[in-house]
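Below is one structure; the comments refer to it alone.
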Ligand SMILES: [Zn+2]
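Numbering (the numbering used here), first residue to last: 144 to 453.
Spelled out as structure tokens, the structure:
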């Protein structure tokens with residue numbers, strides 16, 4: 144059976160035809176206008192029609208970066224897109240004439256990884272998508288955990304520092320402001336400003352404007368400040384995972400997202416920090432920490448599979 148998975152990002156719509164084994168048999172990519180909800184729905188419909196041509200498609204799964212309601216049809220709010228109470232399922236369904244399910248993008252990624260990627264065969268998984276923020280997805284007892292109203296697993300917005308750094312969600316001190324790509328850049332900038340002598344490589348590479356890529360490159364070249372920034376992010380990541388393990392006792396964490404491209408610079412330390420801070424340490428099995436395997440297509444593949452199981 145073929146379904147179409149769609150991943151709506153801030154700047155583009157990625158879609159693919161996916162079979163029962165999670166294999167993408169065809170794909171398409173379109174730019175989108177994040178500030179215009181109607182245009183986004185039309186872009187999705189366009190790309191679905193193109194991919195459906197000459198194929199028997201059963202359903203469409205849409206991964207969207209926002210708070211999706213428990214009926215998997217309405218995006219109530221999206222921090223980075225102009226959606227407010229957006230009836231995405233109805234709009235897209237009406238345009239393409241196929242059953243549609245809408246899912247939070249991080250949930251879709253988690254499901255894709257558990258079904259076909261790093262979490263295959265695991266029943267209790269916490270997936271962390273580490274990019275500019277932290278997207279969370281929880282698979283609990285073999286099922287995607289959505290919460291009572293579909294708003295569960297917003298793990299990046301646990302407050303870890305009272306009155307801490309301002310978060311995109313409007314609050315302060317959220318975990319994603321300390322353990323994400325944004326956090327890495329903020330830490331590197333802070334350290335470079337306070338101790339420029341430790342950031343010579345970084346400052347030379349960045350030429351005045353420090354961004355994530357430069358921090359990664361500088362760290363690889365041994366820049367002290369950049370390595371320290373990675374260490375801070377790793378420690379915060381480990382701390383957060385230990386807290387999540389205290390609540391949910393997962394068998395496995397999966398780390399994905401843009402920052403995982405620099406996994407060699409922080410994952411070992413994050414794993415150590417996690418094990419060190421685990422409550423009941425020494426008297427319990429320790430969850431594995433794995434890297435995501437499906438890369439950027441995890442969300443699309445997961446959404447397509449969730450549409451199959453609607
Ligand atoms: Zn937040």
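Ideal Cβ placement from N, Cα and C applies to all residues, glycine included. Just so it is clear, the structure is predicted and the values come from calculations on it, not from any experiment.
- Here residue 213 is exposed: its Cβ has fewer than 16 other Cβ atoms, across all protein chains shown, within 10 Å.
- Residue burial is scored here from C-beta neighbours: residue 204 has at least 16 other C-beta atoms within 10 angstroms and is therefore classed as buried.
- Counting along the chain, the unbroken beta strand (DSSP E) around residue 229 starts and ends at 227 to 229.
- Classified as exposed, residue 196 has fewer than 16 neighbouring CB atoms from the shown chains inside 10 Å of its CB.
- For residue 174, the enclosing beta strand (DSSP E) has its first and last residue at 167 to 174.
- Burial state of residue 389 is exposed, judged by a 10 Å Cβ sphere holding fewer than 16 other Cβ atoms.
- It is roughly 10 Å from the alpha-carbon of residue 397 to the alpha-carbon of residue 430.
- The criterion of a C-beta distance shorter than 8 Å is satisfied by residue 276 and residue 319.
- Non-local beta-carbon contacts of residue 169 in its own chain, meaning distances under 7 Å to residues more than five positions away in sequence, involve 159, 160, 194 in chain order.
- The segment 210 to 228 makes no contact with the segment 415 to 433; the number of CB pairs closer than 8 Å stays below 3.
- Restricted to the segment 314 to 386, the alpha helix (DSSP H) segments that are unbroken, complete and at least 4 residues in length are 324 to 337, 343 to 349, 355 to 363, listed in chain order.
- According to the DSSP assignment, residue 220 belongs to the beta strand (DSSP E) that extends over 218 to 220.
- Residue pairing for residue 210: DSSP places it in a beta bridge opposite 220.
- Taking C-beta separations shorter than 6 Å and ignoring five residues to either side along the sequence, the partners of residue 371 in its chain run 334, following chain order.
- About 16 Å separates the beta carbon of residue 387 from that of residue 287, a gap too long to meet the 8 Å contact definition.
- Assignment of residue 411 by DSSP, reduced to helix, strand and coil, places it in the helix class.
- Per DSSP, residue 274 lies in no alpha helix (DSSP H) segment and is marked neither H nor E.
- Comparing C-alpha distances from residue 420 to each of 377, 327, 304, 307 shows the shortest one belongs to 377.
- At a threshold of 7 Å, residue 219 does not count as near ligand 1, since its beta carbon sits no closer than that to any of the ligand's heavy atoms.
- Nearest to residue 451 by C-alpha distance, out of 246, 329, 366, is 246.
- Listed as beta-bridge partners of residue 246 by DSSP are 206.
- The three-state reading of DSSP puts residue 304 in coil, since its state is none of H, G, I, E or B.
- Under the 10 Å beta carbon count, residue 229 is surrounded by 16 or more other beta carbons and is classified as buried.
- Separation of residue 252 and residue 244 (C-alpha to C-alpha, rounded to the nearest whole angstrom) is 15 Å.
- In the DSSP assignment, residue 186 falls outside any beta strand (DSSP E) and within the unbroken alpha helix (DSSP H) covering 180 to 195.
- Excluding its 5 nearest sequence neighbours in each direction, residue 153 has C-beta neighbours in its own chain below 8 Å: 177, 208, 223, 224, listed in chain order.
- For residue 311, the shortest separation between its Cβ and any heavy atom of ligand 1 lies below 7 Å.
- The alpha-carbon of residue 165 is positioned some 18 Å away from that of residue 434.
- Taking a contact as a CB-CB distance under 8 Å, the pair residue 186 and residue 211 does not count as one, their CB atoms being some 18 Å apart.
- Contact check between the segment 321 to 329 and the segment 399 to 407: three or more CB pairs, one atom from each, fall below 8 Å, which counts as touching.
- For residue 308, the shortest separation between its Cβ and any heavy atom of ligand 1 does not lie below 7 Å.
- Under the DSSP assignment, residue 150 falls outside any alpha helix (DSSP H), being part of the beta strand (DSSP E) whose first and last residues are 145 to 151.
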